[in-house]
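Residues 265 to 400, numbered by our numbering, are exactly what the sequence shown covers, in order.
Report on the following structure.
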Amino acid sequence: MTAPPETAEWIAATAELARVIEAENDALARVDFSESCRFAETKRMAIMRLESMIDSRPVPAFGQDRPGSAALRQRLDAAIGRNRALLLQAIDTQQRVIATIVQALGPGEADTHYPSACGAHPMQRAAAPVALAVRA
Numbered sequence: 265m266t267a268p269p270e271t272a273e274w275i276a277a278t279a280e281l282a283r284v285i286e287a288e289n290d291a292l293a294r295v296d297f298s299e300s301c302r303f304a305e306t307k308r309m310a311i312m313r314l315e316s317m318i319d320s321r322p323v324p325a326f327g328q329d330r331p332g333s334a335a336l337r338q339r340l341d342a343a344i345g346r347n348r349a350l351l352l353q354a355i356d357t358q359q360r361v362i363a364t365i366v367q368a369l370g371p372g373e374a375d376t377h378y379p380s381a382c383g384a385h386p387m388q389r390a391a392a393p394v395a396l397a398v399r400a
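Right, dumping it as structure tokens:
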């Protein structure tokens, strides 16, 4: 993969990706997962736009950076780093919520047994029916 030249188009695409990730980070920091999920498609499209530029352009000559592009790269790197940390925190939060729900369900009634595929009761232990739907 080669790096694209620092064109106005590249800078605009990089700034847009940074903006989208920063907005997602703000939602994640507020633990507003439904809002953060709304950025998924926009983020994917911004990434694909940059990837298409990387795959279609030659490597720039040394020193061809435009003023401000280094600061923009640092902004994007910082947003990506924070995004990773916040997403890991969100995953941990979801795992804790699911564990709490499963624990709160507790054991089922003593006579509730669910047969195996062949109809046998191999474990003969109480089990409560559990169904969880997790949406990001």
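Yeah, the Cβ is synthetic: ideal placement off N, Cα and C, and Gly gets one too.
Three-way DSSP call (helix, strand, coil) for Asp341 in this model: Three-state DSSP puts Asp341 in a helix.
Name the residue from Asp356, Ile355, Leu351 and Glu280 whose alpha carbon lies nearest to the alpha carbon of Leu314. Out of Asp356, Ile355, Leu351 and Glu280, the CA that lies nearest to the CA of Leu314 is found in Glu280.
According to DSSP, is Arg302 helix, strand or coil? Coil.
Alpha carbon to alpha carbon, what distance is there between Leu292 and Ala335? The straight-line gap from Cα to Cα measures roughly 24 Å.
I'd like to know whether the C-beta atoms of Ala287 and Phe303 end up nearer to each other than 8 Å. Yes. Within cutoff.
Which same chain residues end up closer than 8 Å to Ile311 when comparing Cβ atoms and leaving out the 5 residues on each side of it in sequence? Taken in chain order, the residues that qualify are Leu281.
Gly345 to Ser316 span [Cα, whole Å]: The alpha-carbon of Gly345 is positioned some 23 Å away from that of Ser316.
Among Thr271, Thr278 and Ala272, which has the Cα closest to the Cα of Gln338? Nearest of Thr271, Thr278 and Ala272 to Gln338, Cα basis: Thr278.
Cα separation between Asp290 and Arg348? Cα-Cα distance, rounded: 13 Å.
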